[in-house]
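Worksheet: the structure to be examined is printed underneath.
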Amino acid sequence: MTVKIERGQIVTVERGQRAARRIPGLGLLDGMAVVWKHWAGSFRKNQGFNDIHGVFTFEYPEERPKLPEAYRNMPILLYDEETGHELCTSCFQCERICPPQVIHMTQAKDPATGKPVPAVAEFVIEYDACMSCGFCAEVCPFDAIKMDHEFELSTSDHQKLTVFKEQLNRPISYYERIAPTMWAEVREGAMKKLQGNIKRRPDVIGMAPNLAEKIAARRRELEAAAAAAAAAAAPEAPAAAPAEGRKLTPEEKAAKLAAIKAANAAKKGGGATAPDTPATEAAPADEKAARLAAIRARNAAKQAGEAPAAAPAPEAAPADEKAARLAAIRAKNAAKKAAEGADGAPEATNVSAPEPAPAPPADGRPAPSGEAAGTGAAPADEKAARLAAIRAKNAAKKAAEGHDPEGS
Amino acid sequence: MFKTEELQINIGPQHPSTHGVFRMLVTVDGETIIDLKPVFGYLHRNHEQIAEQNTYLQNMPYTDRLDYFNSMANNQAYAMAVEKLAGIEVPERAEYIRVLMVELTRILNHAGALGFLINDMGMWQTQLAFGMREREKILDLFEMASGARMMCNYFRFGGVVRDLPPEFMPKLKELLVAMPAFVDELERLLRENEILMQRAEGIGVLPKELALAYSVTGPVLRGSGVPYDIRKAEPYSVYDRFDFDIPVGSVGDVYDRFLVRIEEMRQSKRIIEQIVEQLPDARGGHINPKARQNVRPPVGDAYARIESPKGELGFYLVSDGSAKPYRYKVRAPSFINLAPLGDMCRGYKVADVVVILGSIDIVMGEVDR
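Protein sequences appear in the order of chains V and D. Under numbering that gives the first Met the number 0, the first sequence has 99 at position 100, and the numbering climbs by one with no breaks. Under numbering that gives the first Met the number 0, the second sequence has 213 at position 214, and the numbering climbs by one with no breaks.
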């Protein structure tokens, strides 16, 4: 075959001499020389990319691989430690781009007005189905979602691979440590956007759950200082100001907020029978709401438990323990309410719209919502609330011992 | 003489020699193969149907999983198809980076393929470890650039996801220093090795005419003596700017395919050296600023093909103007190269089957899709 090619030629590979024509075993010995050379090299470390001899492996658990900055494993959410605010605004870009569709989120709402705010209420990533493609981090306009370097994720509990916001949250400094230049590139824009979003977030909405209490306490301090300053300026004021300030401890406030939220969610669940909402959609929505309420209640209880650690005064511990217990009880109640709401919802939809099948477990995402659905909801939520109470108690105990929850 | 009886046996479906879940229905007369029927589909995962329900960009990470050894090559073929369909321009620098990545992929694929081939012959691990060791270095480079070792997901429509990091080029130059020594060593280890020659010489001969009739491509076709390489026959990307040779075999047996792969590694190294020279002068950024994430190509169809390490890898896309492909078809080289397996094995012994299969160099992720 005569074929001409440009910029190169066709070369016929040279075949080795037939074994019969050579001294038998010579080729083998030649190959063995290579192997021996490698064996001799195995007593020293490999010198880098230009060295083909030496030991390439390293003893893994003791020696850690040095990962490049661009390394991506699983997505995480960033929050700013200074303000405690999360960078995520629930714009749903990552949820939309995700090829295996494993990101789910709900937008936060202002409890006073019910209007959506640029913050995320609940954020879930199913790590078990994530393909680590990194699209979510690529499309995020607020640089809120980034790819983690953590790769030791194996667990015997499958449930742990459905990861909620509390476990996804990482401080910015963490990401800055693993990817300094990549963060430096986007830092300015991200912080600017965050400042803009904080202004549109009322109260503690959009704060990292494990920091919300710390921030609220700090805010209360500032308010008290301002009030004191105002009192010094105007002698009329002091009668009202301290009473207002002492009214709620931050733990109580958070717990109350959670209780209100849970109650609202439950109410919404019960009220979803409004004729304008389509029945097929109503049922999963109710489940979601109920589940969300349960999560919030649990979070609130947890926060309440963890809060005392933020308070430096040791004498504060017993008071905080009390507050934590109170919060836990409230959370339990809220969860119960929520469960009732979830219980009532499917029935209600049945009554109002009988023709389209309500089919709550089949529709939507079966695994997470199925847990909260129907009759199974009540015991599960009760369990969660009980667990929350236990956790709150433990946390309070820990706090009394001076343990820092942020370290864990 | 003794009367013999034909016997049907299954080789597989569990990993017949580490190449994936694959079954061969073999009719034997004693030790001699009379007929062989490849049975596959065990790794079928509805790739093409999934792709038709995703947007164009969402398919990019799925193409990584086709031929998981050469995710960069898959990325390039798919990106080229979409760019052809949507009329997206790629800046020069991005083209160079793409070619660089695909040529690195070719080296690592051949290093791995040769390792598995020798592994199939019963020379346990040594050669495989040598090949894998060199492959690891290239994977380190991929990790540096794309963030992942194997599922790179590095290409985007109109370029690549991010420019090469500053530490990439020095490492690559170091690697190029070591590469000839590695390839020479590989050749010295095996080229005249008596075991390899006995197991490879004259085994699994695929005549030129039969190879063309089966539309076999890649090193298997070149091993049969047909100098067909898409990089030369229909230069895509910036391949027309590089000097490199096409190695061909003369007999078309396992040994020729083995030698062709070794020579191709040298040629890939030549290309990479030219890229390293030309890359600093390349114009344009690493990504086309006009390239969008939401591609909505006009109604029409496009077929783009590249010379992947295993042969001609093509993507055929039909657009109906929406954000999702209407039809998505992969022309997978492994699948088509597997077709003549029966003809290649006929007349040889049972023990030769795994060696012949190893010489085709298949990845079941691509065969079954």
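Positions of the beta carbon are idealized from the N, C-alpha and C atoms, including for glycine.
Of the residues the options, the one placed nearest residue i, counting alpha carbons only
i	options	result
D/Asp351	D/Phe1, D/Glu4, D/Met23	D/Met23
V/Asp79	V/Ala189, V/Arg176, V/Ile171, V/Arg200	V/Ile171
D/Ile230	D/Ile361, D/Pro12, D/Arg105	Looking at the sequence itself, residue 230 of chain D is Arg, so the reference to Ile does not match. If we check each option's Cα against that of D/Arg230, D/Arg105 comes out closest.
D/Met79	D/Pro234, D/Arg282, D/Arg161, D/Pro339	D/Pro234
V/Gly40	V/Ala32, V/Asp29, V/Val34, V/His52	V/His52
V/Ala216	V/Leu25, V/Ile144, V/Thr82, V/Cys129	V/Thr82
D/Ile286	D/Met59, D/Leu312, D/Tyr95	D/Tyr95
V/Asn49	D/Ile359, D/Asp228, D/Phe181, D/Leu84	D/Phe181
V/Glu13	D/Val159, D/Ile361, D/Glu200, D/Leu103	D/Glu200
D/Cys344	D/Lys170, D/Leu6, D/Val253	D/Val253
V/Pro110	V/Pro201, V/Ala230, V/Asp29, V/Ala231	V/Pro201
V/Thr11	D/Val317, D/Val89, D/Pro226, D/Asp319	D/Pro226
CB contact flag (residue i, residue j, <8 Å)
i	j	result
D/Leu175	D/Ile271	yes
D/Ile8	D/Val25	yes
V/Cys97	V/Phe134	yes
D/Ser333	D/Asp34	no
D/Gly203	D/Tyr302	no
D/Pro218	D/Asn69	no
V/Cys132	D/Pro60	yes
D/Pro296	D/Ala50	no
D/Ile305	D/Ala128	no
V/Val33	D/Glu184	yes
D/Glu374	V/Gly26	Residue 374 of chain D lies beyond the residue range present for chain D, which begins at 0 and ends at 368; the question has no answer from this structure.
Buried versus exposed, by CB contacts within 10 Å (16 or more), residue i
i	result
V/His157	exposed
V/Arg329	buried
V/Pro311	Below a pLDDT of 50, predicted positions are generally treated as unreliable, and V/Pro311, at 40, falls in that range; the measurement from the model is reported next regardless. Label assigned to V/Pro311: exposed.
V/Glu85	buried
D/Pro37	buried
V/Arg63	exposed
V/Ala224	exposed
V/Ser89	buried
V/Thr112	exposed
V/Val2	exposed
D/Ala144	buried
D/Phe314	buried
V/Lys159	exposed
D/Thr54	buried
D/Ser318	buried
CB contact below 8 Å: residue i versus chain D
i	result
V/Glu137	yes
V/Asp29	yes
V/Pro74	no
V/Val33	yes
Cβ shell of residue i (< 6 Å), same chain only, five flanking positions each side left out
i	result
D/Gln126	Gly114, Ile117
D/Phe241	Ile270, Gln273
D/Ile110	The sequence shown places Ala at residue 110 of chain D, rather than the Ile named in the question. These residues qualify, in order along the chain: Gly130, Glu133, Arg134.
D/Gly86	none
D/Lys374	Past the edges of chain D, shown from 0 to 368, lies residue 374 of chain D, and the structure says nothing about it.
D/Leu189	Leu195
V/Arg43	Gly53
D/Val159	Ala93, Ile96, Tyr153, His285
Cut-off 7 Å between Cβ atoms - residues of its own chain near residue i, not counting five sequence neighbours on either side
i	result
D/Ser249	Gly224, Asp255
D/Asp244	Gln266
D/Leu209	Pro339, Asp342
V/Cys93	Ile102, Cys135, Val138, Cys139, Ile144
Beta carbon proximity, residue i to chain V, threshold 8 Å
i	result
D/Leu258	yes
D/Thr3	no
D/Lys339	Strictly speaking, residue 339 of chain D in this sequence is Pro, with Lys absent from that position. It does not; no Cβ of chain V falls within 8 Å.
D/Thr216	no
D/Ala177	yes
D/Ala180	yes
D/Tyr55	no
D/Tyr77	no
Cβ neighbours of residue i in the same chain (closer than 8 Å, five flanking residues each side left out)
i	result
D/Leu56	Arg155, Phe156, Gln292, Asn293, Val294
D/Met363	His18, Gly19, Val20, Phe21, Phe39, Tyr41, Leu42, Ser333
V/Leu167	Pro74, Ile75, Leu76, Phe122, Ile124
V/Asp275	Residue confidence is low: V/Asp275 scores 41 on pLDDT, short of 50, so the model does not pin down where it sits. Its coordinate-derived value is still stated next. Taken in chain order, the list of residues that qualify is empty.
D/Val237	Glu91, Glu94, Tyr95, Val98
D/Val366	Gly19, Phe21, Phe39, Leu42, Ala331, Ser333, Phe334, Leu337
D/Pro246	Arg221, Leu258, Val259, Glu262, Glu263, Gln266
V/Val116	Gln106, Ala107, Lys108, Asp109, Arg199, Arg200, Pro201, Ile204, Gly205
Any non-hydrogen atom of the ligand ZN within 7 Å of residue i CB
i	result
D/Cys151	Ligands displayed in this structure: none; no statement on the ligand ZN is therefore possible.
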